[in-house]
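Working notes for the structure below.
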Amino acid sequence: MIDFNVPPYVGKEMDYIKEAVMNRKICGDGDFTKRCSNWMKDKFSVNQVFLTTSCTHALEMAAVLSEVTAGDEVILPSYTFVSTADAFVQRGASLVFVDIRPDTMNIDETLIEDAVTSRTKVIVPVHYAGVSCEMDTIMDIAQRHKLKVVEDAAQGFSSYYKGKSLGTIGDFGCLSFHETKNLSMGEGGALLFQDTAYQEKAEILREKGTDRSKFFRGQIDKYTWQDYGSSYLPSDMNAAYLWAQLEIADEIQKDRMDSYEFYDNALRPLADMGYLELPYVPAECEHNAHMYYIKLSDLEERTKFITYLKENGILSVFHYVPLHTAPAGIKYGRFAGEDKYTTKESERLVRLPMYYHLTLEDKEYIVDTIFKYFHQSR
Ligand SMILES: *Cc1c(COP(=O)(O)O)cnc(C)c1O
Numbered sequence: 001m002i003d004f005n006v007p008p009y010v011g012k013e014m015d016y017i018k019e020a021v022m023n024r025k026i027c028g029d030g031d032f033t034k035r036c037s038n039w040m041k042d043k044f045s046v047n048q049v050f051l052t053t054s055c056t057h058a059l060e061m062a063a064v065l066s067e068v069t070a071g072d073e074v075i076l077p078s079y080t081f082v083s084t085a086d087a088f089v090q091r092g093a094s095l096v097f098v099d100i101r102p103d104t105m106n107i108d109e110t111l112i113e114d115a116v117t118s119r120t121k122v123i124v125p126v127h128y129a130g131v132s133c134e135m136d137t138i139m140d141i142a143q144r145h146k147l148k149v150v151e152d153a154a155q156g157f158s159s160y161y162k163g164k165s166l167g168t169i170g171d172f173g174c175l176s177f178h179e180t181k182n183l184s185m186g187e188g189g190a191l192l193f194q195d196t197a198y199q200e201k202a203e204i205l206r207e208k209g210t211d212r213s214k215f216f217r218g219q220i221d222k223y224t225w226q227d228y229g230s231s232y233l234p235s236d237m238n239a240a241y242l243w244a245q246l247e248i249a250d251e252i253q254k255d256r257m258d259s260y261e262f263y264d265n266a267l268r269p270l271a272d273m274g275y276l277e278l279p280y281v282p283a284e285c286e287h288n289a290h291m292y293y294i295k296l297s298d299l300e301e302r303t304k305f306i307t308y309l310k311e312n313g314i315l316s317v318f319h320y321v322p323l324h325t326a327p328a329g330i331k332y333g334r335f336a337g338e339d340k341y342t343t344k345e346s347e348r349l350v351r352l353p354m355y356y357h358l359t360l361e362d363k364e365y366i367v368d369t370i371f372k373y374f375h376q377s378r
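Numbering-wise (my numbering), the sequence shown opens with residue 1 and increments by one.
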């Protein structure tokens, strides 16, 4: 069976985890956490990086730091993972879903302004498949209406928009290091922002509402409860796992990009014959090969296709069930305008196996099987 995803493992993880344990500091903000955040600050040209227990938690922090409160509205795509919505629902916000563009599956930037009301507080662009949303347009709308922008860059590690790293363009950016993402620490994520005015607030929020971070830096002689907070620090053991991967992040990216290019070239003839559609990457976007998806004619065909692959030993998956059609989405949100593409396009999409060290042999077999499904030869 060819798995859909295999969590990245590069070889040094166990050594570094052992080192973290032997350091006698396995809680949050140890050596490995510092190494990981400094690496990202440097690589992504961003002032602040806080490693978190998940991207969901980074989004929660961003919602608090954006001062989202009950009654505020948050604009987001319906075609996304539940965490994008959960973080804002937790603050009592109501969700306003905007349709996606069928080419990138990202929020349609031309529809956002019509969804803005006097209660809108935040726009949440989700960079699907590590391909950037149209950020210039989104930042311009946000500026004119005085809205915050929280980038859900869960899939966008080391992706760029006009040369800028995803997660560093809006007010806040959130990365994921879940085992399904390009780089992993089991469960984990990061909150990124440029404006150092948020630094102290973020530290307090992440450290149970205390100024313990200042205490550890020797800036104060005792720490106390300052504000609302929670515990968003990952263990240094998890950071140690991530560090092993950051060290060879370029190699991981290259390996995935090879797989992406392989699929893209090999499947192009089927696309030209009209059997399927391939992903589209706008010229201003540099992506990270987070995923390779294809689109089939409709839901029925997709179901048949996934079953056929499975019968032939290949696991492929689909997502997402649009949030506005789910029980919680109906309860907490509304769709602004017409659902022209969200439902239709989500029902056609299927993701092919994609992970670090997917073998050429497996890729050849996957592509051959897809050609067979359409009764074509390569
Ligand atoms: C994976 C993912 C998340 C959640 O990440 P976690 O680290 O598992 O919390 C949020 N949004 C999107 C778009 C994702 O793909």
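The beta-carbon is built from N, C-alpha and C at its ideal position, and this holds for glycine as well.
Discussion item. Quick check on DSSP: helix, strand or coil for Val116?
Written reply: Position 116 of the sequence shown holds residue 116. Coil.
Worksheet item: Distance, Cα to Cα, Val6 vs Ala202?
Response: Taking the first residue of the sequence shown as position 1, residue 6 is located at position 6. Taking the first residue of the sequence shown as position 1, residue 202 is located at position 202. Cα to Cα, Val6 sits roughly 33 Å from Ala202.
Worksheet item: Any heavy atom of ligand 1 closer than 7 Å to the Cβ of Ser83?
Response: By one-based count along the sequence shown, residue 83 stands at place 83. Relative to ligand 1, the beta carbon of Ser83 is positioned inside 7 Å of a heavy atom.
Item to complete: Can you give me the start and stop residues for the alpha helix (DSSP H) that Pro77 sits inside?
Response: The residue labelled residue 77 in the question sits at position 77 within the sequence shown. Looking at the DSSP string, Pro77 is not in any alpha helix (DSSP H); the run it does join, the beta strand (DSSP E), is 73-77.
Item to complete: Given a cut-off of 8 Å, decide if Leu192 and Thr168 are closer than it, judged by their beta-carbon atoms.
Response: Within the sequence shown, numbered from 1, the residue matching residue 168 stands at position 168. Within the sequence shown, numbered from 1, the residue matching residue 192 stands at position 192. In this structure, Leu192 lies closer than 8 Å to Thr168 by Cβ.
Worksheet item: If you compare alpha carbons, which of Thr80, Gly92, Asn47, Lys121 is closest to Val74?
Response: Here residue 74 refers to the residue found at position 74 of the sequence shown. Across the set Thr80, Gly92, Asn47, Lys121, the C-alpha of Lys121 shows the shortest separation from the C-alpha of Val74.
Fill in: Leu382 to Asn265 span [Cα, whole Å]
Nothing can be reported for residue 382: it is not among the residues displayed for the chain, which extend from 1 to 378.
Worksheet item: Does at least one heavy atom of ligand 3 sit under 7 Å from the Cβ of His178?
Response: Of the ligands one can find in the structure shown, namely ligand 1, none is ligand 3.
Worksheet item: At which residues does the beta strand (DSSP E) containing Glu151 begin and terminate?
Response: As a position in the sequence shown, residue 151 is number 151, starting the count at 1. It spans 148-152 - the beta strand (DSSP E) in which Glu151 sits, taken as one unbroken run.
Worksheet item: What runs of the alpha helix (DSSP H), each 4 residues or longer, lie entirely inside the stretch 134-179?
Response: Qualifying alpha helix (DSSP H) stretches, in chain order: 135-145.
Discussion item. With a threshold of 8 Å on Cβ separation, who are the neighbours of Val46 within its own chain once the five nearest residues in sequence on each side are excluded?
Written reply: One-based indexing of the sequence shown puts residue 46 at position 46. Closer than 8 Å at the Cβ level, and outside the excluded window around Val46, lie Met40, Ser165, Gly167, Thr168, Gly173, Leu192, Phe193, Gln194.
Fill in: Beta-ladder partner(s) of Cys285, from DSSP
Here residue 285 is taken as the residue at index 285 of the sequence shown, counted from 1. DSSP output for Cys285 lists Tyr161 as bridge partner(s).
Worksheet item: Any contact of the stretch 359-369 with the stretch 306-314, i.e. 3+ C-beta pairs under 8 Å?
Response: Yes: the two stretches touch, three or more of their Cβ pairs being nearer than 8 Å.
Worksheet item: Which residue's Cα is closest to the Cα of Met14: Phe177, Tyr241, Asp3?
Response: Residue 14 sits at position 14 when you count from the first residue of the sequence shown. Out of Phe177, Tyr241, Asp3, Tyr241 has the C-alpha closest to the C-alpha of Met14.
Worksheet item: Straight-line CA distance for Gly156 to Val149?
Response: Counting from one through the sequence shown, the residue named residue 156 turns up at place 156. Counting from one through the sequence shown, the residue named residue 149 turns up at place 149. If I take the Cα positions, the gap works out to 16 Å.
Fill in: Beta-carbon separation (whole angstroms), Val126 vs Ile112, contact threshold 8 Å
As a first step, residue 126 is located in the sequence shown; it is residue number 126 there, counting from the start. As a first step, residue 112 is located in the sequence shown; it is residue number 112 there, counting from the start. With a Cβ gap of about 13 Å, Val126 and Ile112 do not count as contacting.
Fill in: Under 8 Å between C-beta atoms of Lys181 and Ala153
Translated into the one-based positions of the sequence shown, residue 181 becomes position 181. Translated into the one-based positions of the sequence shown, residue 153 becomes position 153. No, these two residues do not count as a Cβ contact at 8 Å.
Worksheet item: Can you tell which of Gln143, Cys55, Gln219, Tyr341 has the C-alpha that lies nearest to the C-alpha of Gly188?
Response: Here residue 188 refers to the residue found at position 188 of the sequence shown. Considering only alpha carbons, the answer is Cys55.
Worksheet item: Under 8 Å, do Arg302 and Glu345 count as touching if we go by C-beta distance?
Response: Translated into the one-based positions of the sequence shown, residue 302 becomes position 302. Translated into the one-based positions of the sequence shown, residue 345 becomes position 345. No, Cβ-Cβ distance for Arg302 and Glu345 is not below 8 Å.
Worksheet item: Does the distance from the CB of Arg351 to the CB of Phe318 come in under 8 Å?
Response: What you label residue 351 is simply residue 351 of the sequence shown in a count that begins at 1. What you label residue 318 is simply residue 318 of the sequence shown in a count that begins at 1. Yes; because the gap between Cβ atoms is below 8 Å, this pair is in contact.
Discussion item. Which residue wins for smallest C-alpha separation from Tyr2, given the options Glu151, Ala63, Pro353, Leu246?
Written reply: As a first step, residue 2 must be located in the sequence shown, where it is residue number 2. It is Ile, not Tyr, that sits at residue 2 in the sequence shown. Its Cα nearest to that of Ile2, the residue Pro353 stands out among Glu151, Ala63, Pro353, Leu246.
Fill in: Cβ-heavy atom distance, Gln155 to ligand 1, below 7 Å
In the sequence shown, counting from the first residue as 1, residue 155 sits at position 155. Yes, since a heavy atom of ligand 1 falls inside the 7 Å radius drawn around the Cβ of Gln155.
Discussion item. Considering only the alpha carbon of each residue, which of Phe374, Tyr280, Ile306, Ala336 lies closest to Cys133?
Written reply: In the sequence shown, counting from the first residue as 1, residue 133 sits at position 133. The candidate whose alpha carbon is nearest that of Cys133 is Tyr280.
Practice prompt. Using the DSSP secondary-structure output, state which residues sit across from Leu51 in a beta bridge.
Written response: Counting from 1 along the sequence shown, the entry for residue 51 is found at position 51. According to DSSP, Leu51 bridges with Ala190.
Worksheet item: Less than 7 Å between the CB of Cys36 and some heavy atom of ligand 1, yes or no?
Response: Taking the sequence shown and counting its residues from 1, one reaches residue 36 at position 36. No, Cβ of Cys36 sits at least 7 Å from all heavy atoms of ligand 1.
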